[in-house]
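Listed in order, the protein sequences are those of chains A and B. The first sequence begins at 153 in our numbering and counts up by one. The second sequence begins at 56 in our numbering and counts up by one.
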Amino acid sequence: MDVKTWTFLIVGLSFALYIGIAIRSRATSTGEFYVAGKGVPSLANGMATAADWMSAASFISMAGLISFMGRDGSMYLMGWTGGYVLLALLLAPYLRRFGKFTVPDFIGDRYYSNTARVVAVLCAVFVSFTYVAGQMRGVGVVFSRFLEVEVNTGVIVGMVIVLIYAVLGGMKGITYTQVAQYCVLIFAYLVPAIFISIMLTGNPVPQLGLGSNVLENGVPGTVSLLDKLNGLSADLGFQAYTDGQKSTIDVFFITAALMVGTAGLPHVIVRFYTVKRVKDARISAFWALLFIAILYTVAPAVGVFARTNLLETIPNKEYAALPAAKSEGGWFKNWERSDLIAWVDKNGDGRIQYTDGKAFVGKPSFRENDQGEPLLGKHGERLLANEKTAGANELYVDRDIMVLANPEIAGLPNWVIALVAAGGLAAALSTAAGLLLVISTSVAHDLVKRTLNPAISEKGELWTARIAAGGAVIIAGWFGINPPGFVAQVVAFAFGLAASSFFPAIILGIFWKRANLYGVISGMIVGIVFTSSYIIYFKFVNPDVNNSDHWLFGISPEGIGTIGMLVNFVIACGVSLVSKAPPAEVQDMVDRVRYPRESLESADS
Amino acid sequence: MSGSTTEQDRARYWRKNLSWLGALLTVWFIVSYGCGILFVDQLDKFKLGGVPLGFWFAQQGSIYVFVMLIAVYVLVMNRLDKELLGENSK
């Protein structure tokens, strides 16, 4: 069977599974819709959290990013998993004990203010939409690449699937679908990694394959894989893979911003509301990180494998001699047809020179004739309209394709390639569903029930939640089809905002009884204004000076959220101290969040 | 509020909770920011298998430690909960 048939088969089966699960676990009350009736076993919740957490970016893009950034890519590995530690230790157990449905609920009650609640709702909705647009785009890319349909058709199919199980099943449906999606995505990630690890090093454990020696004629040789990769990189004029390029202070602050930003992601926090007791919340946090770590420790190995294979197969090859048909290992030309690889023959020798530096300015824009057919150069390569750079590099490879193309580059069987497509879809859909639920809960519960119309009936609230989920899917799909050109900047923005706004407010709310409304609000405002003006200045207003000479302390806009967070903490503490302490019932509420509930029950009840 | 535990018990519970958090987060900081970022070049002089040690911490080692940190946290908190509730109510 060819790749396309396999892909239709595997993706079709996985979709049927998700919908089947959703129909079996329909939500009948708001409690089931928002938090699955708080009856999810901790192991299942761990898997669902892992699937929720690992987005299309984790599955599709991360290993590719690491593969191109080398050691600097560690900031994503440590940032995203380290942020999870903060979440599990500092936030999840306490918010679970608080026992309401959402983070805005906590903010609103702890700071005794509906304004604070609404601000928190807006932040949660903004962060969620930013994320969900990326997931929908990921769905579209996988569809277009593997099933050869339009990106937009892919987005719409993805929308319909999510619509069915999110609107029908709410959190209950999503949870059990996410369990299935975790299994699909981790299997799809591991199988090619194990295959390639065995091919390169003979070690079936990819995590260990990273540190093994390369096979020579089928037996382990004397050169370690990383030494070999560093050697290949040096020969072609790249920096050593195990060295970093960014300054230490910048890596430090970006990692911190990613950690703190991740810890505040609303769709992950809400997962801890779905288990019975605080104890279960803690245990499921452990399961979730264990399941996440399986993928996150394989990703750096995949990055090394992919980089080694790429540097061994492409540089200095004759373009015309590369196979064209997909069935003959023609992955290079295949991805070129998908606009994700581009080659410009600068010196006219017909060979692909690959070295450090950009081949041309910007993303590839391919030339077409009046009929919309691609214009080809004399070796058959697609011609580009981009301005060439002065450097010797002739090759552009999109970072996102490394995971998707890896099985093809290594020449793995067709079913493995199809499996990767299903895995990418599982990762994107599970995260999208979790985010859509946050949006619908925020609107139906925090905005309508708690603020606008407290008299709404249970049934009315459930329907509002369903309609909000449906509306959110449609808006998200629209963003997926018409992605704003500044997605990457917006994501940096979302992390920076989460870091400099939410995180200090929640932490202070739990750990410092004296923190009051005035302190936290002024802290959030200063934090947000500082962080967003820094990002807007360097990304939009004056991008020409976006380099380390002009940055504050050499910290890039990606890492500035950390400073914003520190500023927020200082202001919030200062203002709280000089203004009135929060009312007694709020301080009692903090007690309820800190201690096990049984310890506060009166002795005679 | 007349709880089934005394105020002192709860204060002690919270103090222990905070000191465990402090200890766990110190380890968290050392393996990620310390070994993976600040001292990565010094550690790279040593090798673990075929991998420079600092690079290993940055890409894999810190994540293994993170998982262990949460495991320790689960065990410790279960014990603290039992200590607090066991003395008076059970």
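Even glycine gets a Cβ: it sits at the ideal position worked out from N, Cα and C. Just so we're clear, the structure is a prediction, and the values are computed from it rather than from any experiment.
Shown here for N365 of chain A: same chain residues with a beta carbon closer than 8 Å to its own, the five before and five after excluded, namely T353, P372, G373, T374, V375, S376, L377 in chain order. Ranking A:F220, A:D522, A:L614 by CA distance to the CA of A453 of chain A puts A:F220 first.
Close CB contacts of Y283 of chain A within its chain, under the 6 Å cut and outside five residues either way in sequence, are with L587 (chain order). With fewer than three CB-CB distances shorter than 8 Å, the stretch 234–244 of chain A does not count as touching the stretch 464–479 of chain A. In this chain, E750 of chain A is not harboured by any alpha helix (DSSP H), its DSSP state being neither H nor E. Within 7 Å of the CB of A126 of chain B, the CB atoms of chain A belong to F438, in sequence order along the chain.
Assignment of alpha helix (DSSP H) within the stretch 57–126 of chain B, counting only whole runs of 4 or more residues, yields 62–84, 95–98, 108–111 in chain order. Chain B has a Cβ within less than 7 Å of the Cβ of P748 of chain A. Counted as a single uninterrupted DSSP element, the alpha helix (DSSP H) harbouring L381 of chain A occupies residues 377–388. Classified as exposed, L130 of chain B has fewer than 16 neighbouring CB atoms from the shown chains inside 10 Å of its CB. Separation of M199 of chain A and K324 of chain A (C-alpha to C-alpha, rounded to the nearest whole angstrom) is 14 Å. For V496 of chain A, the CB contacts under 7 Å within the same chain, skipping 5 residues up- and downstream, are A511, F512, L536, K540, E546 in chain order.
Taking each of A:K732, A:S226, A:I633, A:I659 in turn and checking the Cα distance to M288 of chain A, the smallest one comes out for A:I633.
Distance from the CA of V738 of chain A to the CA of A340 of chain A, rounded to the nearest whole angstrom, comes to 48 Å. Cβ contact annotation for Y393 of chain A (same chain, cutoff 8 Å, sequence separation greater than five): G222, R223, L378, L381, N382, S385, V456, R459, in chain order. Here the stretch 227–237 of chain A lies against the stretch 438–453 of chain A, with 3 or more beta-carbon pairs under 8 Å apart. In the DSSP assignment, L528 of chain A falls outside any alpha helix (DSSP H) and carries neither an H nor an E.
Assignment of W232 of chain A by DSSP, reduced to helix, strand and coil, places it in the helix class. Listed in chain order, the non-local C-beta contacts of G509 of chain A below 7 Å within the same chain comprise T541, G543, N545, local neighbours out to five positions each way being set aside.
Nearest in C-alpha terms to I92 of chain B, of all of A:G711, A:L649, A:V549, A:T407, is A:T407.
Cβ proximity to chain A below 8 Å picks out L76, L79, L80, W83, S87, Y88, G91, I92, L93, V95, D99 from the stretch 76–99 of chain B. In the DSSP assignment, Y548 of chain A falls within the unbroken beta strand (DSSP E) covering 547–549.
In the structure shown, the three-state DSSP call for G396 of chain A is coil. When DSSP states are grouped into helix, strand and coil, T374 of chain A belongs to the strand group.
In the structure shown, K540 of chain A adopts extended strand secondary structure according to DSSP, grouped into three states. Around A624 of chain A, the same chain offers L588, I591, S592 as residues with beta carbons nearer than 7 Å, after the five sequence neighbours per side are excluded. Within the stretch 416–443 of chain A, contact with chain B at the beta-carbon level (separation under 7 Å) is assigned to K431, R434, I435, A437, F438, L441, L442. With contacts defined by Cβ atoms closer than 7 Å, F405 of chain A and I707 of chain A form a contacting pair.
Closest option to S265 of chain A, judged by alpha-carbon separation, among A:K469, A:R749, A:D740, A:P735: A:P735. DSSP places V454 of chain A in the uninterrupted alpha helix (DSSP H) bounded by 430–465. At least one CB atom of chain B sits nearer than 7 Å to the CB of P452 of chain A. Residues of the stretch 105–137 of chain B with a C-beta less than 8 Å from any C-beta of chain A: G105, V106, P107, F110, W111, A113, Q114, Q115, S117, I118, Y119, F121, V122, L124, I125, A126, Y128, V129, M132, N133, D136, listed in chain order. Within its own chain, the residues whose Cβ lies closer than 8 Å to the Cβ of L528 of chain A, once the five positions on either side in sequence are excluded, are R534, L535, listed in chain order.
The C-beta of R67 of chain B comes no closer than 7 Å to any C-beta of chain A. Taking a beta-carbon distance threshold of 7 Å, T61 of chain B does not count as an interface residue toward chain A.
In the displayed model, I493 of chain A falls within a strand according to three-state DSSP.
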